[in-house]
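For the sequence shown, our numbering assigns the number 4 to the initial residue and increments by one for each residue that follows.
Accompanying notes for the structure given below.
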Amino acid sequence: MSTKYEKTDVILIGAGIMSATLGTMLKELAPEMEIKIFEHLDKAGEESSNEWNNAGTGHSALCELNYTPEKADGTIDIKKAININEQFQLSRQFWSYLVKSNLISNPEEFIMPIPHMSLVMGEKDVNFLKKRYEALSVNPLFKGMEYSEDPEKLKEWVPLIMNGRKSQEPIAATKIDSGTDVNFGALTRMLIEHLQKQNVEVNYKHSVTDIKRSSDGMWEVKVHDLDGCKMEYHKAKFVFIGAGGASLPLLQATGIPESKHIGGFPVSGLFMVCNNQEIVEKHHAKVYSQAKVGAPPMSVPHLDTRYIDGKKSLLFGPFAGFSPKFLKTGSNMDLFASIKPNNLFTLLAAGAKEMKLTKYLIQQLMLSNEQRLEELQEFIPDAKLEDWEIVVAGQRVQVIKDTDAGKGTLQFGTEVITAADGSVAALLGASPGASTAVPVMLDVMSKCFPDRFKEWESKIKEMIPSYGISLMDNTALLEEIQASTSEVLGLNEKEVVHN
Ligand SMILES: Cc1cc2nc3c(=O)[nH]c(=O)nc-3n(C[C@H](O)[C@H](O)[C@H](O)COP(=O)(O)OP(=O)(O)OC[C@H]3O[C@@H](n4cnc5c(N)ncnc54)[C@H](O)[C@@H]3O)c2cc1C
Numbered sequence: 004m005s006t007k008y009e010k011t012d013v014i015l016i017g018a019g020i021m022s023a024t025l026g027t028m029l030k031e032l033a034p035e036m037e038i039k040i041f042e043h044l045d046k047a048g049e050e051s052s053n054e055w056n057n058a059g060t061g062h063s064a065l066c067e068l069n070y071t072p073e074k075a076d077g078t079i080d081i082k083k084a085i086n087i088n089e090q091f092q093l094s095r096q097f098w099s100y101l102v103k104s105n106l107i108s109n110p111e112e113f114i115m116p117i118p119h120m121s122l123v124m125g126e127k128d129v130n131f132l133k134k135r136y137e138a139l140s141v142n143p144l145f146k147g148m149e150y151s152e153d154p155e156k157l158k159e160w161v162p163l164i165m166n167g168r169k170s171q172e173p174i175a176a177t178k179i180d181s182g183t184d185v186n187f188g189a190l191t192r193m194l195i196e197h198l199q200k201q202n203v204e205v206n207y208k209h210s211v212t213d214i215k216r217s218s219d220g221m222w223e224v225k226v227h228d229l230d231g232c233k234m235e236y237h238k239a240k241f242v243f244i245g246a247g248g249a250s251l252p253l254l255q256a257t258g259i260p261e262s263k264h265i266g267g268f269p270v271s272g273l274f275m276v277c278n279n280q281e282i283v284e285k286h287h288a289k290v291y292s293q294a295k296v297g298a299p300p301m302s303v304p305h306l307d308t309r310y311i312d313g314k315k316s317l318l319f320g321p322f323a324g325f326s327p328k329f330l331k332t333g334s335n336m337d338l339f340a341s342i343k344p345n346n347l348f349t350l351l352a353a354g355a356k357e358m359k360l361t362k363y364l365i366q367q368l369m370l371s372n373e374q375r376l377e378e379l380q381e382f383i384p385d386a387k388l389e390d391w392e393i394v395v396a397g398q399r400v401q402v403i404k405d406t407d408a409g410k411g412t413l414q415f416g417t418e419v420i421t422a423a424d425g426s427v428a429a430l431l432g433a434s435p436g437a438s439t440a441v442p443v444m445l446d447v448m449s450k451c452f453p454d455r456f457k458e459w460e461s462k463i464k465e466m467i468p469s470y471g472i473s474l475m476d477n478t479a480l481l482e483e484i485q486a487s488t489s490e491v492l493g494l495n496e497k498e499v500v501h502n
């Protein structure tokens, strides 16, 4: 029996924020492109992109202390913070373009304004925060950042955190009102719905099980139709592996040289969630603190106001943990199945180097709810267990690869791996993740469609006016873009906090 191959221009694996963003951009730039999406689950945005599986922070380095490390000479390195902020400005502009063009609507369902704060305790961290504030607040990207060590001022900013606080330790915070809470699940669903209207075929309950190069240079994608219990074969000139944590095994299946010597380190997570409106109403900010000694950057504790389904709630966490699964809905065999002869030594080297991290994650996993409450009480002194429930967060699969820093180095960023001929790309890693989906997908398109990308440039500038321009160095454009995107996305409204 001959096998039937259905041909298309582009296959997107996974219906998370990354595939949704890439598909939307491609359809704007090349409407004639035929695109198919295959999604293992029965809905879009159900894994890491789901609103309950991530922290919903519009990462722009306004409050995340791990983006501004202290250098050996005691000064603060703000390079990464600037880069992440500039990247988020690109995402804001693209979302704003989509709303203005009526391609998606009701921006309040996916983005809300919320102050971003950093809060630290103890003399050492207070000194660090002050230096961070001094380095950032003079930069136009961080305009409006305030700093205070005054407990009365902090009470105004974060009453829930300050009320009942007995500790005499020095405390300080920065606050900037231009932060956002992003419901990446809602945004993913809106984008996928829009794509369906553009005749993009979205196949739910279709799991990709293999990807192979065929003799005509196209990619053959083997898909398991879970409902029909049958195998399908599809061919495309370009495949994007946007399978979240499960991208690594699919990348390995392609066999491209760029897929070798890479491993994945899965980190699970838990959030504590409060829906008691009396408590929720006393807090109006995303408040990030310092990671504990020995803890990885992804386990920085934060207390966040979230807007989900039109309701406000508080999320605290994430508490990191260890699980061998690559997806929340994955299998306990994921990690073991990703071990190949070509990445064995990379993984072993990482294992030897990251013993402390593994131990930390296992300890975190063993925490009882009472112990988690103790961590929460460092933020909210009078927090009670009965007001908080535990929610399992998404999985983050951190990339392990050989770098100049040595064999088996753990990476904490988001990484795009592309084949030399640009015919396949995979997105690996987590932070800053969904917030930077737009710049990351622009990067994918520039690498995978180099000839067409030149032709697309004027449309890209129409969608994202600051593309290719440093906003930090163009204050007038920065102000114009911030004003216009705030207007279109409805980010100007302010809310009153009840003490
Ligand atoms: C605890 C936590 C907190 C986070 N906080 C933030 C934050 O505050 N801000 C931020 O910007 N980012 C945050 N992130 C990161 C962000 O959530 C991710 O970067 C982003 O959601 C990844 O999107 P994705 O589309 O690549 O993956 P996903 O959303 O995981 O989507 C992948 C999709 O692929 C599907 N799939 C997998 N395998 C297959 C297969 N074989 N065939 C077909 N389909 C398949 C899955 O079912 C899934 O729907 C956080 C992540 C976690 C886990």
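All C-beta atoms in this analysis are idealised placements derived from N, C-alpha and C, irrespective of residue type, glycine included.
The structure displayed is predicted, hence computed values, not measured ones.
Val-276 CB to nearest heavy atom of ligand 1 below 7 Å: no
Closer than 7 Å: Met-444 CB and nearest ligand 1 heavy atom: For ligand 1, no non-hydrogen atom lies closer than 7 Å to the CB of Met-444.
Option in Asp-219, Gly-220 and Glu-235 with minimal Cα separation from Leu-226: In the sequence as presented, Leu is not what sits at residue 226; that position holds Val. Comparing Cα positions, the closest option is Glu-235.
Pairwise C-alpha distance: Gln-374 and Ser-262: Ser-262 and Gln-374: Cα-Cα distance of roughly 40 Å.
DSSP state of Leu-317 mapped onto helix, strand, coil: strand
Gly-220 classed as buried or exposed, judged by whether at least 16 other C-beta atoms fall within 10 angstroms: Looking at its Cβ environment, which holds fewer than 16 other Cβ atoms inside 10 Å, Gly-220 is exposed.
Secondary structure, alpha helix (DSSP H): runs of 4+ residues fully inside the stretch 75-163: Those alpha helix (DSSP H) runs which fall completely within the stretch 75-163 and span 4+ residues are 82-103, 126-140 and 154-160.
Runs of alpha helix (DSSP H) wholly within the stretch 276-309 (minimum 4 residues, chain order): Every alpha helix (DSSP H) of 4 residues or more that sits fully in the stretch 276-309 is shown, in chain order, as 280-283.
Identified DSSP bridge partners for Tyr-8: Tyr-236
Gln-401 - containing beta strand (DSSP E), residue span: 399-406
Limits of the beta strand (DSSP E) - the one that Gly-245 falls within: Counting along the chain, Gly-245 falls outside any beta strand (DSSP E), and DSSP gives it neither H nor E.
Alpha-carbon spacing of Asn-105 relative to Leu-190, whole angstroms: 14 Å
Contacting residues, own chain, Cβ-Cβ under 6 Å from Asn-502 (five flanking each side not counted): Reliability fails at Asn-502, whose pLDDT of 43 lies under 50, so the model's placement of it is uncertain and the value that follows must be treated cautiously. Closer than 6 Å at Cβ, skipping near neighbours: Pro-162.
Cβ separation of Ile-420 and Gly-411, assumed to be a contact under 8 Å, to the nearest whole Å: That belief does not hold up - the Cβ atoms of Ile-420 and Gly-411 are roughly 17 Å apart, past 8 Å.
Strand pairing of Pro-269, partner residues [DSSP]: Looking at the DSSP output, Pro-269 shares a beta bridge with Val-400.
Residue environment, Thr-212, which counts as buried when at least 16 other CB atoms sit within 10 Å: exposed
Exposed unless 16 or more other CB atoms sit within 10 angstroms - verdict on Gln-280: With a threshold of 16 other beta carbon atoms within 10 Å, Gln-280 falls short and is exposed.
Whole-angstrom distance between Thr-11 and His-237, CA atom to CA atom: 8 Å
Closest residue to Ala-249 among Ile-259, Asp-385, Gly-266 and Thr-349 (Cα-Cα distance): Gly-266
Residue of Thr-361, Trp-55 and Lys-46 minimising C-alpha distance to Val-270: Thr-361
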